[in-house]
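When you line the sequence shown up against the numbering used here, it's residues 10 to 712, in that order.
Here a beta-carbon is modelled for each residue, glycine too, at the ideal position from N, C-alpha and C.
Presented below is the structure to which this report refers.
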Amino acid sequence: MESTTPDDGDSRRKRRRQFSVRASDAATSPGEFGSMRPGVAKGSSSFVGSGSGIYFVRAVQSAFARNYSQSSHAIDDDLVPGEDDHLQTQNLSGSLWNSEEVCFVSASQPIVSISFDDLVRWSQSYFNNWHPLFPFLHAPSILGLFERIATHGIQSLGTVEAITVRSVLSISVADRRQMPRDDLTLIPSNLVFSTIDEAISSLTPVIMQPSTLSGLQALVAIQVFLISMLRLNAASRIGGLIVRITFHLGLHRCPSRFKQFTLADADMRRRLFWAIYSLERYLSQSLGLPLDLKDDDVDVCYPDNELHDIQVNEAANGQPLHDPRLLLLPSFLARHGKIKGLILELRHKCANNRTASPDEVSYVDAEISKWWNEAQDLLEPDYINDAAGEEPDGGQARCLLKETHKLLVIVQKHESTILLNRPVITSGYDTSVFAAAMQKCIGASKQIVSKVYLHLHEGMNQVGSRDGKILNPLFWPGFTWCIWMSGLILLYAASEGYYSIEIAQREAGRCIKILETLSLRGNFWPGACASALVDLQKALGNKLSSGTFEQHAGLQSRTKEMRTSTDTLNSIHRQNVRPRNSETGTTQDTGRASASPRAPNPNFQPHGSPGAYQGNGQTPSTNNSIPPHLRSPQGDMAFSFQQNEMSTMEPNRAPGGVAWPMLNGPTYQMGDQFNGFDDIFQLMDASYQISEQMYEPGDMAQF
Numbered sequence: 010m011e012s013t014t015p016d017d018g019d020s021r022r023k024r025r026r027q028f029s030v031r032a033s034d035a036a037t038s039p040g041e042f043g044s045m046r047p048g049v050a051k052g053s054s055s056f057v058g059s060g061s062g063i064y065f066v067r068a069v070q071s072a073f074a075r076n077y078s079q080s081s082h083a084i085d086d087d088l089v090p091g092e093d094d095h096l097q098t099q100n101l102s103g104s105l106w107n108s109e110e111v112c113f114v115s116a117s118q119p120i121v122s123i124s125f126d127d128l129v130r131w132s133q134s135y136f137n138n139w140h141p142l143f144p145f146l147h148a149p150s151i152l153g154l155f156e157r158i159a160t161h162g163i164q165s166l167g168t169v170e171a172i173t174v175r176s177v178l179s180i181s182v183a184d185r186r187q188m189p190r191d192d193l194t195l196i197p198s199n200l201v202f203s204t205i206d207e208a209i210s211s212l213t214p215v216i217m218q219p220s221t222l223s224g225l226q227a228l229v230a231i232q233v234f235l236i237s238m239l240r241l242n243a244a245s246r247i248g249g250l251i252v253r254i255t256f257h258l259g260l261h262r263c264p265s266r267f268k269q270f271t272l273a274d275a276d277m278r279r280r281l282f283w284a285i286y287s288l289e290r291y292l293s294q295s296l297g298l299p300l301d302l303k304d305d306d307v308d309v310c311y312p313d314n315e316l317h318d319i320q321v322n323e324a325a326n327g328q329p330l331h332d333p334r335l336l337l338l339p340s341f342l343a344r345h346g347k348i349k350g351l352i353l354e355l356r357h358k359c360a361n362n363r364t365a366s367p368d369e370v371s372y373v374d375a376e377i378s379k380w381w382n383e384a385q386d387l388l389e390p391d392y393i394n395d396a397a398g399e400e401p402d403g404g405q406a407r408c409l410l411k412e413t414h415k416l417l418v419i420v421q422k423h424e425s426t427i428l429l430n431r432p433v434i435t436s437g438y439d440t441s442v443f444a445a446a447m448q449k450c451i452g453a454s455k456q457i458v459s460k461v462y463l464h465l466h467e468g469m470n471q472v473g474s475r476d477g478k479i480l481n482p483l484f485w486p487g488f489t490w491c492i493w494m495s496g497l498i499l500l501y502a503a504s505e506g507y508y509s510i511e512i513a514q515r516e517a518g519r520c521i522k523i524l525e526t527l528s529l530r531g532n533f534w535p536g537a538c539a540s541a542l543v544d545l546q547k548a549l550g551n552k553l554s555s556g557t558f559e560q561h562a563g564l565q566s567r568t569k570e571m572r573t574s575t576d577t578l579n580s581i582h583r584q585n586v587r588p589r590n591s592e593t594g595t596t597q598d599t600g601r602a603s604a605s606p607r608a609p610n611p612n613f614q615p616h617g618s619p620g621a622y623q624g625n626g627q628t629p630s631t632n633n634s635i636p637p638h639l640r641s642p643q644g645d646m647a648f649s650f651q652q653n654e655m656s657t658m659e660p661n662r663a664p665g666g667v668a669w670p671m672l673n674g675p676t677y678q679m680g681d682q683f684n685g686f687d688d689i690f691q692l693m694d695a696s697y698q699i700s701e702q703m704y705e706p707g708d709m710a711q712f
């Protein structure tokens with residue numbers, strides 16, 4: 010019998026899941042549901058699961074529709090967010106790059122001379138940003154391919170090798186758009202994928218051959234490229250193929266258990282598997298899809314914690330294959346991916362199989378806390394040096410993690426908090442559990458926005474940037490989802506009276522600027538999310554400026570008012586144990602403007618102690634509540650973390666003397682194509698508008 014995953018926490022969790030759940034618990038369990046949409050082709054359909062946040066977007070839409078009585082342009086009452094109007098994809102076969110990013114060459118032109126140093130410099134961004142997270146490639150082997158290209162040309166590479174190299178270089182070209190322009194040399198177009206279609210079609214020769222490790226690496230390289238361009242649907246389709254090949258090659262079994270693998274082979278198999286695992290968890294959560302890789306089927310040890318053979322990471326001479334510290338970051342990402350899987354299984358299973366066991370929730374919450382406690386140690390330089398057995402030299406230790414990777418670890422902690430608690434606030438039951446979940450989501454959202462905004466602000470100060478391009482860019486596409494969801498949560502909480510409207514306006518303004526910065530990469534989704542937040546922010550500010558903001562008696566009275574309606578809803582829910590077809594879109598409609606049973610809050614009354622947010626209780630002025638950039642296209646685009654927006658600040662000037670105007674990248678004015686929320690979840694496969702971006706080379710990872 011094969012060994013199980015070396016994690017005794019799983020067995021304890023399985024035993025807990027065997028306990029039955031009372032009918033009353035199941036009836037009141039917080040639930041989010043997916044959305045079934047008609048497809049582009051007649052008779053087809055497309056599905057977005059609840060884990061993506063689509064149901065919460067619907068709840069926010071309903072809340073604003075109630076409070077505004079159809080007066081806001083932020084919501085179109087005739088359309089369900091993400092379901093109705095599919096964004097038309099145009100120019101899908103058009104080139105991804107412009108003439109200032111790549112040097113276009115045709116087959117009839119003479120072969121351009123390329124040096125090894127050029128290839129290393131062009132690929133620097135990939136090995137600085139992506140390789141530390143997903144080390145599924147062997148960097149020295151890639152350098153060997155670069156030497157062959159410099160000597161004999163790209164035609165000297167095999168099919169799989171060419172796919173891998175083109176994926177790496179394509180990702181690097183995309184990264185340049187978010188970085189200061191420093192390298193003026195252009196990469197030849199035959200070294201990158203010119204279109205998304207070309208990237209996807211290139212995998213055909215790979216799947217026509219027997220499964221190999223190098224072929225799987227090439228497929229993962231294409232998938233990472235698609236993810237980097239926010240083509241999540243296409244990446245997910247390839248991901249299904251990748252998972253099956255993973256099983257064919259036995260990567261889901263720990264290589265240390267099998268003698269036929271050398272130490273180097275075992276190391277690479279582990280690295281490849283956990284990269285696939287982390288990417289699969291990201292895609293499953295982003296699209297709300299069921300998990301492809303079940304933890305019960307996996308017994309691969311984490312790269313930094315081999316349990317089957319303590320000598321597995323050492324070569325024959327006793328020396329380590331590589332610096333063990335390099336595997337800490339991908340190991341933490343894999344562990345976080347496992348937490349995402351736990352949340353998806355707990356909150357977003359088929360409605361018939363969901364449970365509301367407090368023990369299950371506490372277990373996941375404890376796993377998040379455990380991961381974060383260990384991750385905080387990872388962020389400390391002394392911890393990483395100690396892990397490598399180095400003695401402190403008396404000076405300040407140098408942390409091996411790049412600033413962007415540190416930020417990613419921090420954001421992922423708060424992202425987990427949102428994923429676990431968001432279904433509770435979406436349920437709308439005004440109880441102490443609801444209030445606690447709301448405050449947890451608010452706190453996590455504030456931390457995400459604050460940390461990301463500070464990272465951008467410091468990065469711009471470092472290089473004197475005026476357009477949002479920094480040396481440590483926000484390359485990971487998950488930042489878009491986190492900022493988008495954080496902005497929605499804060500605006501929703503403010504509209505329902507659980508958070509200060511003025512502060513929510515400020516934080517939403519920061520979210521908009523971050524999303525505009527993310528749109529520098531040429532992806533459609535960040536700009537569309539920013540447009541939706543602008544609409545909601547403006548609507549909230551207009552309501553506040555109408556002078557109808559009043560004080561409220563407090564949360565306890567609010568809870569008391571909702572008891573009767575909550576009990577009634579629970580009774581109805583028990584009698585209809587199978588409105589589970591709501592995942593198919595057939596019975597989810599509880600009213601076009603009532604995704605949650607919460608009562609309207611038309612005056613945005615705060616649920617808390619009187620004066621908690623407003624001080625003297627006076628109505629805030631419009632100028633203090635609506636960020637300047639909503640009143641003028643060239644208004645103040647910078648917010649200080651230390652000062653309120655009302656502080657005297659030179660227009661268009663960020664603290665520290667760096668201007669942050671409306672960014673030079675593609676800020677998408679969607680017009681008739683984009684209707685606020687309605688097409689957000691259709692934008693993952695949208696066409697791209699490209700802007701000129703370059704990048705700053707860094708250090709090549711050597712493993």
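Would Thr160 be called buried (16 or more neighbouring beta carbons within 10 Å of its own) or exposed?
Sequence index remark: in the sequence shown, residue 160 carries index 151 (1-based). Exposed, because fewer than 16 other Cβ atoms sit within 10 Å of the Cβ of Thr160.
Nearest to Gln456 by alpha carbon, out of Lys303, Ser425, Glu525, Trp139?
As a working note, residue 456 is residue 447 in the sequence shown. Looking at the Cα atoms, Ser425 is the closest of the given residues.
Quick one: using the 10 Å Cβ neighbour count with 16 as the cut-off for buried, is Met217 buried or exposed?
Here residue 217 corresponds to residue number 208 of the sequence shown, with the count starting at 1. Met217 should be labelled exposed.
Check whether the segment 371-387 and the segment 302-319 are in contact - that is, three or more C-beta pairs closer than 8 angstroms.
In short, these stretches do not touch, since the Cβ pair count stays below three.
First and last residue of the alpha helix (DSSP H) that includes Val461?
Walking along the sequence shown from the start, residue 461 turns up at place 452. Where Val461 is concerned, the enclosing alpha helix (DSSP H) stretches over 441-472.
I'd like to know if the segment 154-170 and the segment 61-72 are in contact, where contact means that at least 3 CB-CB pairs between them fall below 8 angstroms.
no
Across the segment 146-155 and the segment 180-199, are there enough close Cβ pairs to call them in contact, namely three or more that are closer than 8 angstroms?
The way I'd put it, the segment 146-155 doesn't touch the segment 180-199; fewer than three beta-carbon pairs between them come closer than 8 angstroms.
Once you ignore the five residues that flank Leu300 on each side, which residues in its own chain have a CB closer than 6 angstroms to its CB?
Locating residue 300 in the sequence shown gives position 291, where the first residue counts as 1. Excluding positions up to five away in sequence, the list reads Ser293, Gly350.
Can Leu549 and Ala503 be called in contact, C-beta distance under 8 angstroms?
By 1-based counting over the sequence shown, the position of residue 549 is 540. By 1-based counting over the sequence shown, the position of residue 503 is 494. For Leu549 and Ala503, yes; Cβs fall inside 8 angstroms.
Does DSSP put Cys491 in a helix, in a strand, or in coil?
Here residue 491 refers to the residue found at position 482 of the sequence shown. Helix.
Rounded to whole angstroms, what is the Cα-Cα separation between Asp192 and Asn138?
As a working mapping, residue 192 is identified with position 183 in the sequence shown. As a working mapping, residue 138 is identified with position 129 in the sequence shown. Going from the Cα of Asp192 to the Cα of Asn138 covers about 17 angstroms.
Three or more C-beta pairs closer than 8 angstroms, one from the segment 234-242 and one from the segment 258-273: is that the case here?
no
May I ask you to report which of helix, strand or coil DSSP gives Gly249?
In the sequence shown, the residue the question calls residue 249 occupies position 240. In this structure, Gly249 counts as helix in the three-state DSSP scheme.
To which residues does DSSP link Cys263 through a beta bridge?
In the sequence shown, residue 263 corresponds to position 254, counting from 1. Paired residues: none, contrary to the question.
Say whether chain C places a C-beta atom closer than 8 angstroms to the C-beta of Ser554.
Among the protein chains of the structure shown there is no chain C, as only one such chain exists.
Where Arg186 and Ser495 are concerned, what is the direct C-alpha to C-alpha distance, given to the nearest angstrom?
Mapped onto the sequence shown, residue 186 falls at position 177. Mapped onto the sequence shown, residue 495 falls at position 486. Computed Cα separation, rounded: 25 angstroms.
Inspect the beta-carbon positions of Val177 and Ala227 and report whether they are closer than 8 angstroms.
Within the sequence shown, numbered from 1, the residue matching residue 177 stands at position 168. Within the sequence shown, numbered from 1, the residue matching residue 227 stands at position 218. No, these two residues do not count as a Cβ contact at 8 angstroms.
Evaluate the contact criterion for the segment 470-479 versus the segment 532-541: three or more CB pairs, one atom per stretch, below 8 angstroms.
Touching, no.
In whole angstroms, give me the CA-to-CA distance for Gly297 and Arg157.
In the sequence shown, counting from the first residue as 1, residue 297 sits at position 288. In the sequence shown, counting from the first residue as 1, residue 157 sits at position 148. Their backbone Cα atoms lie some 42 angstroms apart in a straight line.
May I ask you to list the residues that DSSP assigns as paired with Ile196?
Taking the first residue of the sequence shown as position 1, residue 196 is located at position 187. Checking the DSSP bridge columns, you'll see Ile196 partnered with Val111.
Figure out for me which residue from Val461, Ile434, Leu281 has the closest Cα to the Cα of Lys449.
Position 440 of the sequence shown, counted from the start, is the residue given in the question as residue 449. Among Val461, Ile434, Leu281, the Cα nearest to that of Lys449 belongs to Ile434.
How many angstroms separate the CA atom of Val129 from the CA atom of Ile123?
Along the sequence shown, one-based indexing puts residue 129 at 120. Along the sequence shown, one-based indexing puts residue 123 at 114. Whole-angstrom Cα-Cα distance: 11 angstroms.
Answer yes or no: do Trp485 and Leu387 have a C-beta to C-beta separation smaller than 8 angstroms?
What you label residue 485 is simply residue 476 of the sequence shown in a count that begins at 1. What you label residue 387 is simply residue 378 of the sequence shown in a count that begins at 1. Contact: no.
Buried or exposed: which applies to Thr194, given that a residue is buried once 16 or more other Cβ atoms fall within 10 Å of its Cβ?
Counting from one through the sequence shown, the residue named residue 194 turns up at place 185. With fewer than 16 Cβ atoms within 10 Å of its Cβ, Thr194 is classed as exposed.
Taking its Cβ as the centre, do 16 or more other Cβ atoms sit within 10 Å of Asp184, making it buried, or is it exposed?
As a position in the sequence shown, residue 184 is number 175, starting the count at 1. Buried, because 16 or more other Cβ atoms sit within 10 Å of the Cβ of Asp184.
Could you pull out every residue in the same chain whose Cβ sits closer than 6 angstroms to the Cβ of Arg497, ignoring the five residues on either side in sequence?
Taking the sequence shown and counting its residues from 1, one reaches residue 497 at position 488. Note that residue 497 is Leu in the sequence shown here, rather than Arg. Within the same chain, Leu497 has close Cβ partners Val69.
Rounded C-beta distance between Pro189 and Val472? I'm assuming under 8 angstroms.
Position 180 of the sequence shown, counting from 1, holds the residue named residue 189. Position 463 of the sequence shown, counting from 1, holds the residue named residue 472. Right, their Cβ atoms sit about 5 angstroms apart.
Apart from the five residues just before and just after Phe143, which ones in its own chain have a Cβ nearer than 6 angstroms to its Cβ?
On the sequence shown, residue 143 is found 134 positions in, with the first residue counted as 1. Excluding sequence neighbours, Phe143 sits near Ala284.
Kindly identify the DSSP beta-bridge partner or partners of Asn314.
Position 305 of the sequence shown, counted from the start, is the residue given in the question as residue 314. Answer is Tyr311, bridged to Asn314.
Considering just the uninterrupted stretch of the alpha helix (DSSP H) at Ser295, what are its terminal residues?
Numbered from 1 along the sequence shown, position 286 holds the residue referred to as residue 295. 272-296 is the extent of the alpha helix (DSSP H) around Ser295.
Following the continuous beta strand (DSSP E) through Ser55, name the residue where it begins and the one where it ends.
Along the sequence shown, one-based indexing puts residue 55 at 46. Per DSSP, Ser55 belongs to the beta strand (DSSP E) from 54-57.
As a quick exercise: from Arg278, Leu235, Asn470, pick the residue whose alpha carbon is nearest that of Thr221.
Translated into the one-based positions of the sequence shown, residue 221 becomes position 212. When each option's Cα is compared against that of Thr221, the closest is Arg278.
Determine the direct distance from the alpha carbon of Leu337 to that of Glu412, and round the result to whole angstroms.
The residue given as residue 412 occupies position 403 in the sequence shown. The residue given as residue 337 occupies position 328 in the sequence shown. Each residue's alpha carbon lies about 15 angstroms from the other.
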